[in-house]
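Numbering (the numbering used here), first residue to last: 148 to 288. For glycine and all other residues, C-beta sits at the position ideal for the given N, C-alpha and C. From a predicted model like this one, the values you see are computed outputs, not experimental measurements. Encoded as structure tokens, the structure appears first; notes follow it.
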Amino acid sequence: MAADEAREDACRDYQSSLEDLTFNSKPHINMLTILAEENVQFARDIVTLIEAQIAKAPSTEKLPVMYLMDSIVKNVGGNYQTAFAKNIVSTFVNVFEKSINHKFQNRILNTPKNTKVQNRSPQTEDNSRVNIVVKPGYSEE
148 MAADEAREDA CRDYQSSLED LTFNSKPHIN MLTILAEENV QFARDIVTLI
198 EAQIAKAPST EKLPVMYLMD SIVKNVGGNY QTAFAKNIVS TFVNVFEKSI
248 NHKFQNRILN TPKNTKVQNR SPQTEDNSRV NIVVKPGYSE E
């Protein structure tokens, strides 16, 4: 019972802080990364919260959460890499599809460029899916 309460408390605290990540704030991303590291035993739950936040956030608030995901994968790794690997491409494509701003799309394309999640990278593994959703007239300018 105590383990369930600890998981619920950790998830509630993480969700609360995650909802405040509405703009690119390095201190906030660092704090959430540290919190994820401190709660690595709940990695799958925290990844689920992050993926849900990316899915429900307005397009203008998705990029900071993508940066958080990138930070956790790079700085914590381990169980988080395994958990994020399951949906990395669909999460990435979903964010890209929801964007109407070409500069934002370019940032999304470049966010996890140097990050591989269990040897998976959205740019190399499923580039055809990304190319399909690129809107006509897209340029990297």
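Margin query: Quick check: what's the CA-CA separation for LYS221 versus LYS209?
Written below: By one-based count along the sequence shown, residue 221 stands at place 74. By one-based count along the sequence shown, residue 209 stands at place 62. Cα-Cα distance, rounded: 19 angstroms.
Checklist line | Collapsed DSSP secondary structure at LYS282 in the structure displayed | finding: For this step, residue 282 is matched to residue 135 along the sequence shown. With a pLDDT of 39 at LYS282, under the threshold of 50, the modelled position of this residue cannot be trusted, and the question is left open.
Margin query: For a minimum of 4 consecutive residues, which ranges assigned as the alpha helix (DSSP H) are wholly contained in the stretch 177-212?
Written below: 190-203
Notebook entry, point to check: How far does the alpha helix (DSSP H) with ASN171 in it reach, from first residue to last?
Noted result: Taking the sequence shown and counting its residues from 1, one reaches residue 171 at position 24. Boundaries cannot be given for ASN171, as no alpha helix (DSSP H) includes it and DSSP labels it neither H nor E.
Item checked: Residue environment, ASP156, which counts as buried when at least 16 other CB atoms sit within 10 Å -> What you label residue 156 is simply residue 9 of the sequence shown in a count that begins at 1. Burial call: exposed.
Item checked: Contact between the stretch 190-199 and the stretch 171-178 (3+ Cβ pairs under 8 angstroms) -> no
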